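> Dropping a structure here in structure tokens format, bear with me for questions.
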Amino acid sequence: MQSQILFITPPFTQLNTAYPATAYLKGFLNEHGVSVAHFDLSIELFTALFTADFLKSVFEEADALENYNYPLVRKFKKIYISRVDAVISFLQKEDLEGAHHILQPNFLPQGHRLKNVNTKIAWSPGNAGIIDKAKHYGTLFIEEIGDFIQANVDEFFAFTKYAEQIATSASSFDDLDEFLSYQPTRVEEQMLDLLIDQIETVNPALVCFTIPFPGNLFSALRCSQFIKQLFPDIKIAFGGGYCNTELRSLKDSRIFEFVDFISLDDGEGPLLKIINYIEGGISIDDLERTFILEEGQVVYKNKIPNTIYHHRDLPAPDYSGLPFDKYVSFLDVVNPMHRMWTDARWNKLTISHGCYWKQCSFCDVNLDYIGNYQNTTASKLVDKIEKIVSDTGITGFHFVDEAAPPKMLRALSNELIAREVKITWWTNIRFEKTFDYDLCALMAQSGCIAVTGGLEVASDRLLAKMKKGVDIAQVARVTHYFSRNNIMVHAYLMYGFPTQTEQETIDSLEVVRQLFKNNCIQSAFWHQFTTTIHSPIGKNPDAFEIQITGPEFEGFAQNDLYHVDPLGADHPKYTAGLNLALNNYLNNAGLEKNLQHWFDFPIVETSHPKNMIGNYLLDQVSKAS
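FYI, in the working numbering the residues of the sequence shown are -13 to 611.
Here is the structure:
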């Protein structure tokens, strides 16, 4: 195979580290003799926008449009222009000299975020605290510029997404089609300049866009639109998480004005087939898991049996060629777990494919990325780790599993220790009983510094209903084991699960309070339940006593569903209070306050005893002795 392939990560994804999809596919295709380049257009565009030259053009355009939002930024525009390059450089390097420079009096303007900066944050002593403080101030400075761009020049702009509002729940292609007919914004023009330079450099036969989230779709379509106009001989393919979840029922042919192929699920097999087809080696009917346009109709080509590439046999991701010196570390929230998503460099790698549990009723367990569980060996996994460290020079790893299997984590930890491979790592788990004290200690010894996991609704009735396979007592014990071994714990929290009552919502908050108080968890995040069409709840809403009310599918995306919950509480009513309480708990504040303190309307008293979690932990100690 001779074709040159160009993989592109469209704006915007994480800014502190490389999104892994292109590296996975590059590693695979290289082994099959395919010449591959990959281009992180997300970080390339971000670093092109936050420069003195571009910022000058932003202020000029805002003036021309007579848009005057964020007057403080406008007032200090000369300072923003003169400081932005230095701030971005520091956020890329995080050096002590740069930190002192940032923190000089009057170096940064007192914009709408910095004038309200929290001066009570207790920074770490020494140089680390100085760097963190400068990183926090520098992040707020950059966010002020981002606010100005979004409000005055490009309403679609956001740091880790672009035009997400028109791609989310886009059951119809109408809005996307309309906005694609408009002239590109100033931000998009900069993006297209970078794209064209890359295409002229690589001269690809096929350009592949990975679209992990709704906030990547519009920028990918805008890029594809211009490739079709300027380079009509180049073929274009879409794939990634958004396609896998949202576009499985695709009927609307209009998207094929911008793209030639849309593949579903794992990309290795479909991509090899697409390349073979482009080179004339196979017919179009030999494509696998791929939408095309045929005689004006959307057709799904899926030759059976599919070519299977098992997880254990796949090569290491190939991160070579990505601009690791350009990624920026943001520190907008000091919470130590939150910053792991926005700060530092992480190599992203999967331990296993899919989820070994795959029973949760709210999860997309019917889809391949969840339901198709495949494992590998610890030896092969550490081989990949060593290669990636060699390629990137980065020894931090984020294992991005749906739920890392405890047996594999034990084997991985033993292998890392036996081979004296020194890395720092974190991953997502289920709070299951296999994670006893000894396993947590072993993981810590091998370099584990944090875990994330779903506590969801902290109600035993609802945990059983959602088939989590855990209860509150078990979560308390497991998280306590991790915390005792200095492994930070972040809990995903949910409210608004079908039939959840006000009592269960308040009781859930009480459980969260006690988990923080007992240092079982150090970080958490609430989200309101949404049902999806691929989940057991979405497929059988009657069994969960909810009613699906929309949206009506109009041929394009189909994933999130609207529903009413006749037996449940008025769930949105609790959003502000739950978040206010949690934000205080994250900062070790308000743990002794009555739960009523967080709400501006009367709530029920919790039905849990104040020492419930403490008693579970005492019970744990007594059983162990």
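Idealized CB from N, CA, C, for every residue including glycine.
What you are looking at is a predicted structure, and each value in this text was computed from that prediction instead of being measured.
(1) In whole angstroms, what separates the C-alpha of Leu203 from that of Tyr168?
(2) Between which two residues does the alpha helix (DSSP H) harbouring Ala38 extend?
(3) Can you list, in chain order, the residues of its chain whose CB lies under 8 Å from that of Tyr263, leaving out five sequence neighbours each side?
(4) Short of 7 Å in beta carbon distance, which residues of its chain neighbour Lys214, apart from the five on each side in sequence? Order them along the chain.
(5) Does the distance from the C-beta atom of Leu448 to that of Glu488 stay below 8 Å?
(6) So what does DSSP say about Met612, is it helix, strand or coil?
(7) The beta strand (DSSP E) spanning Leu441 covers which residue range?
(8) Nearest-angstrom Cα distance between Pro552 and Asn545?
(9) Rounded to the nearest angstrom, what separates Phe587 and Leu35 at their Cα positions?
(10) Taking all protein chains shown into account, decide if Gly433 is buried (16 or more other Cβ within 10 angstroms of its Cβ) or exposed.
(11) How about the region 23 to 37 and the region 346 to 359: do they share at least three Cβ pairs that are nearer than 8 Å?
(12) If you check the beta carbons only, do Phe613 and Met177 fall under 8 Å apart?
(13) Closest to Lys503 by CA distance: which of Arg416, Ala575 and Ile492 is it?
(14) Checking the sheet assignment: what are the DSSP bridge partners for His339?
(15) Between Phe159 and Arg234, is the Cβ-Cβ spacing less than 8 Å?
(16) Mapping the DSSP letters down to three states, classify Ala610 as helix, strand or coil.
(17) In this structure, how does DSSP classify Tyr148 when only helix, strand and coil are distinguished?
(18) Check whether the Cβ atoms of Arg275 and Pro256 lie closer than 8 Å to each other.
(19) Could you check what DSSP says for Asp605 in three-state terms: helix, strand or coil?
(20) Let's see if you can read the secondary structure: which residues bound the beta strand (DSSP E) around Glu280?
(21) In terms of DSSP beta bridges, what is Gly382 paired with?
(22) My guess is that Gly382 and Ile415 are in contact by the Cβ rule of under 8 Å, so how many angstroms apart are they, rounded?
(23) Can you name the residues that DSSP bridges to Gln(-10)?
(24) Where do the ends of the beta strand (DSSP E) carrying Ala191 lie?
(25) Could you check if Ala48 is buried or exposed, using at least 16 other CB atoms within 10 Å of its CB as the buried criterion?
(26) Starting from Leu27, follow its DSSP beta bridges and name the residues at the other end.
(27) For Cys346, which residues from the same chain have a beta carbon less than 7 Å from its beta carbon, with the 5 sequence-adjacent residues on both sides left out?
(28) Pull up the DSSP beta-bridge partners for Val103, would you.
(29) Among Lys596, Asn570, Ala137 and Ser593, which one has its Cα closest to the Cα of Trp584?
(30) Taking Glu591 as the reference, give the member of Ile492, Ala108, Arg99 and Lys559 with the closest Cα.
(31) Quick check on this structure: which residue in Phe242, Arg298, Phe310 and Leu308 has the alpha carbon closest to the alpha carbon of Glu281?
(32) With 16 other CB atoms within 10 Å as the buried threshold, where does Thr378 fall?
(33) Kindly indicate which three-state DSSP category Lys596 falls into: helix, strand or coil?
(34) What three-state label does DSSP hand Gln283 in the structure shown?
(35) From Gly13, Gln0, Leu1 and Val461, pick the residue whose C-alpha is nearest to that of Gly307; which is it?
(36) On the DSSP letters alone, give me the boundaries of the alpha helix (DSSP H) that Met326 sits inside.
So, from the data block:
(1) Taking the sequence shown and counting its residues from 1, one reaches residue 203 at position 217. Taking the sequence shown and counting its residues from 1, one reaches residue 168 at position 182. Distance between the alpha carbons of Leu203 and Tyr168: 16 Å.
(2) One-based indexing of the sequence shown puts residue 38 at position 52. Note, Ala38: alpha helix (DSSP H), Ala38 to Leu51.
(3) The residue given as residue 263 occupies position 277 in the sequence shown. Result list for Tyr263: Ser269, Ile270, Asp272 and Leu273, in chain order.
(4) Residue mapping note: residue 214 aligns to position 228 of the sequence shown, counting from 1. Correct list, in chain order: Phe244.
(5) Working through the sequence shown from its first residue, we reach residue 448 at position 462. Working through the sequence shown from its first residue, we reach residue 488 at position 502. Not in contact: Leu448 and Glu488 (Cβ atoms no closer than 8 Å).
(6) Summary: the structure shown does not reach residue 612, with the chain confined to residues -13 through 611, and so no result is reported for it.
(7) The count along the sequence shown starts at 1 and reaches residue 441 at position 455. Here the beta strand (DSSP E) through Leu441 covers Cys434 to Glu442.
(8) On the sequence shown, position 566 is the one that residue 552 refers to. On the sequence shown, position 559 is the one that residue 545 refers to. Cα to Cα, the separation comes out at about 22 Å.
(9) In the sequence shown, residue 587 corresponds to position 601, counting from 1. In the sequence shown, residue 35 corresponds to position 49, counting from 1. Approximately 44 Å, taken between the alpha carbons.
(10) Residue numbering aside, residue 433 sits at position 447 when the sequence shown is read from its first letter. Gly433 should be labelled buried.
(11) no
(12) The shown model of the chain, from -13 to 611, leaves out residue 613, and the question about it has no answer.
(13) Counting from one through the sequence shown, the residue named residue 503 turns up at place 517. Of the candidates Arg416, Ala575 and Ile492, the one whose C-alpha sits nearest the C-alpha of Lys503 is Ala575.
(14) For this step, residue 339 is matched to residue 353 along the sequence shown. Note: His339 sits in a beta bridge opposite Gln360.
(15) To locate residue 159, count along the sequence shown from 1; it is residue 173. To locate residue 234, count along the sequence shown from 1; it is residue 248. Going by C-beta atoms, Phe159 is not nearer than 8 Å to Arg234.
(16) Counted from its first residue, the sequence shown places residue 610 at position 624. Interpretation of Ala610 is limited by its pLDDT of 49, a score under 50 that renders its predicted location unreliable; no figure is taken from the coordinates.
(17) Sequence index remark: in the sequence shown, residue 148 carries index 162 (1-based). Strand, per DSSP.
(18) Numbered from 1 along the sequence shown, position 289 holds the residue referred to as residue 275. Numbered from 1 along the sequence shown, position 270 holds the residue referred to as residue 256. Cβ atoms of Arg275 and Pro256: closer than 8 Å.
(19) Numbered from its first residue, the sequence shown carries residue 605 at position 619. Helix at Asp605.
(20) Working through the sequence shown from its first residue, we reach residue 280 at position 294. Where Glu280 is concerned, the enclosing beta strand (DSSP E) stretches over Thr276 to Glu280.
(21) The residue given as residue 382 occupies position 396 in the sequence shown. Gly382 is bridged to Thr410.
(22) Stepping through the sequence shown from its first residue, residue 382 is reached at position 396. Stepping through the sequence shown from its first residue, residue 415 is reached at position 429. So it is not a contact: roughly 18 Å between Cβ atoms.
(23) As a first step, residue -10 must be located in the sequence shown, where it is residue number 4. The partner list for Gln(-10) (beta bridge, DSSP) reads Ser21.
(24) Translated into positions along the sequence shown, residue 191 becomes position 205. Taken as a continuous stretch (DSSP letters only), Ala191 belongs to no beta strand (DSSP E), as it is neither H nor E.
(25) For the purposes of this step, residue 48 is identified with residue 62 of the sequence shown, where counting begins at 1. By the neighbour-count rule (16 or more Cβ atoms within 10 Å), Ala48 is buried.
(26) To locate residue 27, count along the sequence shown from 1; it is residue 41. For Leu27, which the question treats as bridged, DSSP gives no partner whatsoever.
(27) Start at 1 with the first residue of the sequence shown, and residue 346 comes out as number 360. Answer for Cys346: Met452, Lys453 and Lys454, listed in chain order.
(28) Indexing the sequence shown from 1 puts residue 103 at position 117. Answer by DSSP bridge pairing: none, since Val103 is not bridged.
(29) Your numbering for residue 584 matches position 598 in the sequence shown. Comparing Cα positions, the closest option is Asn570.
(30) Walking along the sequence shown from the start, residue 591 turns up at place 605. Among Ile492, Ala108, Arg99 and Lys559, the Cα nearest to that of Glu591 is on Ile492.
(31) Residue 281 sits at position 295 when you count from the first residue of the sequence shown. Nearest option by C-alpha distance: Phe242.
(32) By 1-based counting over the sequence shown, the position of residue 378 is 392. Buried, by the Cβ-count rule.
(33) As a first step, residue 596 must be located in the sequence shown, where it is residue number 610. Here Lys596 sits in coil by DSSP.
(34) Here residue 283 refers to the residue found at position 297 of the sequence shown. If DSSP states are grouped into helix, strand and coil, Gln283 belongs with the strands.
(35) What you label residue 307 is simply residue 321 of the sequence shown in a count that begins at 1. The candidate whose alpha carbon is nearest that of Gly307 is Gly13.
(36) Here residue 326 is taken as the residue at index 340 of the sequence shown, counted from 1. Note, Met326: alpha helix (DSSP H), His324 to Thr328.
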